[in-house]
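So the structure is just underneath, and the comments pick up after that.
Number of protein chains: 2
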Amino acid sequence: MIRRLSQARERGIPEATVARLPLYLRALNGMAERGLATVSSEDLAVAAGVNSAKLRKDLSHLGSYGTRGVGYDVEYLVYQISRELGLTQDWAVAIVGVGNLGRALANYGGFVSRGFRVAALLDADPEVVGDHIAGLNVEHIDELEAVIRRRGVSIVVLATPAAAAQQVAERVIAVGVTSILNFAPVVLAVPEGVDIRKVDLSIELQILAFHEQRKTDRMTGGPAMAEEWPEAVDL
Amino acid sequence: MIRRLSQARERGIPEATVARLPLYLRALNGMAERGLATVSSEDLAVAAGVNSAKLRKDLSHLGSYGTRGVGYDVEYLVYQISRELGLTQDWAVAIVGVGNLGRALANYGGFVSRGFRVAALLDADPEVVGDHIAGLNVEHIDELEAVIRRRGVSIVVLATPAAAAQQVAERVIAVGVTSILNFAPVVLAVPEGVDIRKVDLSIELQILAFHEQRKTDRMTGGPAMAEEWPEAVDL
DNA sequence: GTCCCTTTGTGAACCGATGCACAAAGTGAG
DNA sequence: CTCACTTTGTGCATCGGTTCACAAAGGGAC
Ligand SMILES: NC(=O)c1ccc[n+]([C@@H]2O[C@H](COP(=O)([O-])OP(=O)(O)OC[C@H]3O[C@@H](n4cnc5c(N)ncnc54)[C@H](O)[C@@H]3O)[C@@H](O)[C@H]2O)c1
Ligand SMILES: NC(=O)c1ccc[n+]([C@@H]2O[C@H](COP(=O)([O-])OP(=O)(O)OC[C@H]3O[C@@H](n4cnc5c(N)ncnc54)[C@H](O)[C@@H]3O)[C@@H](O)[C@H]2O)c1
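Residue numbers (UniProt numbering), protein chains in the order written: chain A, 1 to 235; chain B, 1 to 235.
Encoded structure:
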């Protein structure tokens, strides 16, 4: 039983690797545009901002697509990563909540660039419903289930206020959607098998603030040991 | 030498913990609003969508703020986490690039909610400069250095096109900014000591697509072993 | 063909993060 | 005061991910 070759590709690519593949893909596309035919793991790693050993291990999970002494064929690797990520097919995306953020997303070009097609915009506000944005008609949230089914939507982007997000999520899950990108600042409770990814601006800023504080603390000599425990800070 | 108490807080909170503190904080704020006085690690963990052992270990890195047999005092914990994250001070944020996304961010309320204040909007387009958005005047990118200094900006949000991001980053770093939140789809090259966090819609969608593909593959019986290696897919 | 040079693919050590499971600490009833 | 009960804080095993470092593979010169 020779499983050597497919062994790596067999059963699951590490999550950390999956998260980096889009990065490699972007770097490779840039190189393809500049006419590069092959690239070494070292060069690609630099372009993607990772260490070359990590890059090679990541790629090895897809298969053995490099040539020792030469590197990787740019076009071929683009194709393999695209296929692995599922970008060779077309994904219909619905954006629910067409406010400030939803509008920006709908108008975003980089969306379509790679296999993703905004297939529907939905909102609850009668003022917004009927608007034409980025060539699409904003439909009423009551139509949610029908629209998802009719357009074959498989990925939903949630850009509603936090209060509405859970409820909308439940509805789209009920129609069979299992991939959600959530911009609302809430923890969504979803059944097993549904993938949620969240983008949370506020959390990112708080993480930056934490490190920023550490940096400036260090400058000013850090908090004096005595002060650090102000002893019963009453609230 | 009694270091027991401060020992945990000594030297660095794990990065993974820092990333979850904002989540706990949000859950705690909700509880405080609903009038809860204390909360057990179990309840808080559920609200934040994590496992309770992890929550307790995370909190133990800040200090020993719970009461065995009772739980955590909600108000006190809010205070401690806020302090740790640096949210007790006010952070001036500048948004560079006031297009679709920059506008949405500028108008975003949840921004201000926690210590973050949008102190400046900057753009290169003469059409946009001078616009009034969310009570702020959009200033010209030429003023970047002056504005950052004058307003005491310590966190910069990059919402320019990808092509401009690196150049803008270099300029703000040169004036002393060391915390950047980047929305442009590029890997920024920055010197040691500068913290970059990136938000990349396209990457999130690609990760979702990967898992979605796996799920549907499974449904349809998965790719047949024979097909899996189409043997020399020529490009 | 042989030899040298480059670069891949991966075994193995390491490191940080997770989650179990329990002793220690505290509450409250009687 | 004692006892039963609750819940924290953490030691420890485990796991996934990172990095090093090198043998194996391939290319090209001659
Ligand atoms: N604007 C930003 O930069 C930003 C940044 C980070 C996070 N967010 C989050 O993204 C979400 C949207 O932000 P925004 O600034 O666009 O808010 P917004 O108020 O401008 O837009 C929300 C839209 O959702 C619609 N809506 C409300 N309930 C709905 C429902 N049940 N079904 C469908 N649509 C519904 C509203 O009619 C409105 O058009 C919020 O949760 C916000 O916290 C926004
Ligand atoms: N719109 C989205 O939903 C979205 C989503 C994900 C990522 N992004 C990324 O965010 C960035 C902004 O997206 P957008 O849709 O707002 O684009 P946009 O073109 O609407 O806005 C970009 C703005 O940046 C300004 N700008 C250009 N060069 C500049 C410079 N050197 N200095 C200062 N300002 C400059 C432009 O004048 C314009 O106003 C892009 O990199 C995009 O890829 C956008």
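Even glycine gets a Cβ: it sits at the ideal position worked out from N, Cα and C.
Nearest-angstrom Cα separation, counted from A:A120 out to B:L235: Here residue 235 of chain B corresponds to residue number 235 of the second sequence, with the count starting at 1. Here residue 120 of chain A corresponds to residue number 120 of the first sequence, with the count starting at 1. Low local confidence applies: a pLDDT of 32 at B:L235 is under 50, so the model's placement there is unreliable, with the coordinate-based value given in what follows. Roughly 34 Å separates the two Cα atoms.
Short CB-CB distance (under 9 Å) between A:S202 and chain B: As a position in the first sequence, residue 202 of chain A is number 202, starting the count at 1. Judged by the 9 Å Cβ criterion, A:S202 is in contact with chain B.
Interface positions of the stretch 169-183 of chain B facing chain A (Cβ-Cβ less than 7 Å), listed along the chain: Result list: T178, S179 and L181.
Sub-9 Å separation of A:F210 and B:L188 beta-carbons: As a position in the first sequence, residue 210 of chain A is number 210, starting the count at 1. As a position in the second sequence, residue 188 of chain B is number 188, starting the count at 1. No, the Cβ-Cβ distance between A:F210 and B:L188 is not below 9 Å.
Identity of the residues DSSP links to B:N182 by a beta bridge: Here the question's residue 182 of chain B lines up with position 182 in the second sequence. Its beta-bridge partners are B:L158 and B:K198.
Backbone CA spacing between A:S179 and B:R150 [nearest angstrom]: Counting from one through the first sequence, the residue named residue 179 of chain A turns up at place 179. Counting from one through the second sequence, the residue named residue 150 of chain B turns up at place 150. Computed Cα separation, rounded: 44 Å.
The stretch 118-135 of chain A touching the stretch 113-128 of chain B, judged by at least three CB pairs closer than 8 Å: no
Residues that A:N51 contacts on chain B, provided the C-beta gap is smaller than 9 Å: Against the first sequence, residue 51 of chain A aligns to sequence position 51. The contacting residues do not exist; A:N51 stays about 13 Å from chain B at best.
Any non-hydrogen atom of ligand 2 within 8 Å of A:L105 CB: For this step, residue 105 of chain A is matched to residue 105 along the first sequence. The answer is yes for A:L105.
Residue burial classification, B:G35 (beta-carbon count within 10 angstroms, cutoff 16): If you number the second sequence from 1, residue 35 of chain B lands on position 35. Per the 10 Å Cβ criterion, exposed.
Exposure label - A:T17; buried when at least 16 CB within 10 Å: As a working note, residue 17 of chain A is residue 17 in the first sequence. With 16 or more Cβ atoms within 10 Å of its Cβ, A:T17 is classed as buried.
Rounded distance between the beta-carbons of A:L136 and A:V157, thought under 8 Å: On the first sequence, position 157 is the one that residue 157 of chain A refers to. On the first sequence, position 136 is the one that residue 136 of chain A refers to. Rounded, the Cβ-Cβ distance is 13 Å, inconsistent with contact.
Burial state of B:G12 (16 or more Cβ within 10 Å): One-based indexing of the second sequence puts residue 12 of chain B at position 12. Counting Cβ neighbours within 10 Å, B:G12 comes out exposed, since fewer than 16 surround it.
Span of the beta strand (DSSP E) around B:G71: Reading the second sequence from its first residue, position 71 is the one you call residue 71 of chain B. Its beta strand (DSSP E) spans residues G71 to D73.
beta-carbon A:T160 near ligand 3 non-hydrogen atom, thresh 8 Å: Questions concerning ligand 3 fall outside what the structure shown contains, since the ligands it does hold are ligand 1 and ligand 2.
Interface flag, A:S113 vs chain B, CB-CB below 9 Å: Residue numbering aside, residue 113 of chain A sits at position 113 when the first sequence is read from its first letter. Yes, because at least one Cβ of chain B sits closer than 9 Å to the Cβ of A:S113.
9 Å Cβ cutoff, B:E212 in contact with chain A: Working through the second sequence from its first residue, we reach residue 212 of chain B at position 212. Yes - at least one Cβ of chain A is within 9 Å of the one on B:E212.
Burial state of A:Q89, where buried means 16 or more other Cβ atoms lie within 10 Å: Position 89 of the first sequence, counting from 1, holds the residue named residue 89 of chain A. It is exposed - the Cβ of A:Q89 has fewer than 16 other Cβ atoms within 10 Å.
Cβ-based neighbour list, B:P230, same chain, cut-off 6 Å, excluding 5 preceding and 5 following: Translated into positions along the second sequence, residue 230 of chain B becomes position 230. Low local confidence applies: a pLDDT of 41 at B:P230 is under 50, so the model's placement there is unreliable, with the coordinate-based value given in what follows. Cβ neighbours of B:P230 beyond the five flanking positions: none.
Ordered list of beta strand (DSSP E) runs contained in the UniProt DNA-binding region "H-T-H motif" (23-62) of chain A, each at least 3 residues: none
Nearest-angstrom beta carbon gap, B:V74 and B:L28 [assumed within contact, 8 Å]: As a working note, residue 28 of chain B is residue 28 in the second sequence. As a working note, residue 74 of chain B is residue 74 in the second sequence. Right, the Cβ-Cβ distance comes to about 6 Å (below 8 Å), so this counts as a contact.
C-beta contact flag for B:R83 and A:L208 at 9 Å: Taking the first residue of the second sequence as position 1, residue 83 of chain B is located at position 83. Taking the first residue of the first sequence as position 1, residue 208 of chain A is located at position 208. The Cβ atoms of B:R83 and A:L208 do not sit closer than 9 Å to each other.
Sub-9 Å separation of A:V199 and B:V199 beta-carbons: Taking the first sequence and counting its residues from 1, the one referred to as residue 199 of chain A is at position 199. Taking the second sequence and counting its residues from 1, the one referred to as residue 199 of chain B is at position 199. Yes, they are a contact pair.
9 Å Cβ cutoff, A:D43 in contact with chain B: Residue mapping note: residue 43 of chain A aligns to position 43 of the first sequence, counting from 1. False, the Cβ-Cβ gap to chain B never drops below 9 Å.
Proximity of B:Q206 and A:L25 at Cβ, strictly below 9 Å: Indexing the second sequence from 1 puts residue 206 of chain B at position 206. Indexing the first sequence from 1 puts residue 25 of chain A at position 25. Result yes, Cβ atoms of B:Q206 and A:L25 sit closer than 9 Å.
Proximal residues of chain B, C-beta to C-beta of A:Q166 below 7 Å: For the purposes of this step, residue 166 of chain A is taken as the residue at position 166 of the first sequence. Those within 7 Å of A:Q166 in chain B number zero; the least Cβ separation is about 12 Å.
Euclidean distance between Cα positions of residue 236 of chain A and A:A94: Nothing in the structure corresponds to residue 236 of chain A, since chain A is present only between 1 and 235.
Host alpha helix (DSSP H) of B:V112 (start-end): If you number the second sequence from 1, residue 112 of chain B lands on position 112. Where B:V112 is concerned, the enclosing alpha helix (DSSP H) stretches over G109 to V112.
Check: A:Y76 C-beta below 8 Å from any heavy atom of ligand 2: Taking the first residue of the first sequence as position 1, residue 76 of chain A is located at position 76. No; taking the cut-off as 8 Å, the Cβ of A:Y76 has no heavy atom of ligand 2 nearer than that.
Own chain partners of A:L23 with C-beta closer than 8 Å, once the 5 adjacent residues on each side are dropped: For the purposes of this step, residue 23 of chain A is taken as the residue at position 23 of the first sequence. For A:L23, same chain residues with a beta-carbon under 8 Å away, outside a window of 5 residues either side, are A48, G49 and V50 in chain order.
Run of the alpha helix (DSSP H) containing B:E127, from where it starts to where it stops: Counted from its first residue, the second sequence places residue 127 of chain B at position 127. Where B:E127 is concerned, there is no enclosing alpha helix (DSSP H), given that its DSSP letter is neither H nor E.
Proximity test, Cβ basis, 9 Å: B:G86 and chain A: Indexing the second sequence from 1 puts residue 86 of chain B at position 86. Output row for B:G86: interface = yes.
Cα-Cα separation, A:L101 to B:M219: On the first sequence, residue 101 of chain A is found 101 positions in, with the first residue counted as 1. On the second sequence, residue 219 of chain B is found 219 positions in, with the first residue counted as 1. Rounded to whole angstroms, A:L101 to B:M219 spans 34 Å at the Cα level.
Alpha carbon of A:N107 to alpha carbon of A:I133, nearest angstrom: Counting from one through the first sequence, the residue named residue 107 of chain A turns up at place 107. Counting from one through the first sequence, the residue named residue 133 of chain A turns up at place 133. Those two C-alpha atoms are separated by around 7 Å.
CB contact check: A:L59 to chain B, cutoff 9 Å: If you number the first sequence from 1, residue 59 of chain A lands on position 59. Between A:L59 and chain B, the shortest Cβ-Cβ separation is not below 9 Å.
Coil, strand or helix - B:T67 by DSSP: Your numbering for residue 67 of chain B matches position 67 in the second sequence. Strand at B:T67.
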